[in-house]
Amino acid sequence: EADIYQTPRYLVIGTGKKITLECSQTMGHDKMYWYQQDPGMELHLIHYSYGVNSTEKGDLSSESTVSRIRTEHFPLTLESARPSHTSQYLCASSTSGEIYGYTFGSGTRLTVV
Amino acid sequence: AQSVTQLGSHVSVSEGALVLLRCNYSSSVPPYLFWYVQYPNQGLQLLLKYTSAATLVKGINGFEAEFKKSETSFHLTKPSAHMSDAAEYFCAVSDRNDKIIFGKGTRLHILP
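As you go down the protein sequences, you meet chains H and L in turn.
The working numbering puts the first sequence at residues 32 to 144.
The working numbering puts the second sequence at residues 278 to 389.
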């Protein structure tokens, strides 16, 4: 049973549309992450948050934005989707103080046409 | 700075044969090490982790990995491959500040 949920699982959208990818976790984790995964498998960290009202950009520059108003919710928004945004987006969470690794959601596969 | 190198982006083994996926790490501090598995159209799932207890770590689905400090390696093995093991596998390292660095992944193919 998943403790971190991503919606939608699949999304096909036209160029220029605004989209929000949802990510919610029920584990009370303080840290949350967004990864972009290219077809060659590699994971690129694009955003992370270490708590409410705290967000940081990751290693890969992204035109997306994130917010963290509630502990359990970490949505990612693209104001104007482009074909170059076509990818799989993975959300993850973790807790401070203990190393359990990250818990991942099932991902959102985004296609921009 | 930490890094992880996975040798071989694709590995093919016959069903019933030994699975060996290689991972070498670089870390300036004693690391935490992880292996994750990703099945098609899914997120990553933790297979096993090393956190400085036993150097031989057993995980789910019959996988295990051995931490070898002298070789800076954390290779993943399974004695007998099953068709259901076909997936992508990621090695990862943490500097104990909770930020995890992932390798580029190895796609495991199981031949009938």
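Glycine included, each C-beta is placed from N, C-alpha and C at the ideal position.
What residues are listed by DSSP as bridge partners for residue i?
i, result
"H:Gly82", "H:Ser85"
"H:Gln37", "H:Cys54"
"L:Gln283", "L:Cys300"
"L:Ile378", "L:Val370"
I need the boundaries of the beta strand (DSSP E) containing residue i, first residue and last residue.
i, result
"H:Met20", "Examination of residue 20 of chain H is not possible in this model, given that chain H is present from 32 through 144 alone."
"H:Tyr120", "Ser118 to Ser125"
"L:Leu324", "Leu321 to Tyr327"
"L:Gln315", "Tyr309 to Gln315"
"L:Val334", "Leu333 to Lys335"
"H:Thr108", "Leu107 to Leu109"
"L:Thr383", "Thr383 to Leu388"
Check the Cβ of residue i against every Cβ in chain C and list those closer than 9 Å, keeping chain order.
i, result
"H:Ser137", "Among the chains of the structure shown, chain C does not appear; the protein chains present are H and L."
Three-state secondary structure (DSSP) at residue i?
i, result
"H:Ile100", "coil"
"L:Glu348", "helix"
"L:Ser371", "strand"
"H:Ile130", "coil"
"L:Asn301", "strand"
"L:Ser289", "strand"
"H:Ser95", "coil"
"H:Ser137", "coil"
"L:Ser357", "coil"
"H:Ser115", "helix"
What's the gap between the Cα of residue i and the Cα of residue j?
i, j, result
"L:Ser329", "L:Phe344", "9 Å"
"L:Val314", "L:Leu353", "11 Å"
"L:Ser357", "L:Tyr309", "26 Å"
"L:Gly320", "H:Ser85", "24 Å"
"L:Phe367", "L:Tyr316", "11 Å"
"H:Arg140", "H:Thr117", "8 Å"
"L:Pro307", "L:Gln279", "11 Å"
"H:Tyr81", "L:Ile378", "16 Å"
"L:His386", "H:Gly71", "15 Å"
"L:Val370", "L:Thr332", "15 Å"
Cβ contact check for the segment 39-56 of chain H and the segment 105-118 of chain H: 3 or more pairs under 8 Å: yes
Three or more C-beta pairs below 8 Å linking the segment 53-68 of chain H and the segment 278-289 of chain L: The segment 278-289 of chain L and the segment 53-68 of chain H do not touch, with fewer than three beta-carbon pairs separated by less than 8 Å.
Three CB pairs or more closer than 8 Å across the segment 60-68 of chain H and the segment 295-309 of chain L: no
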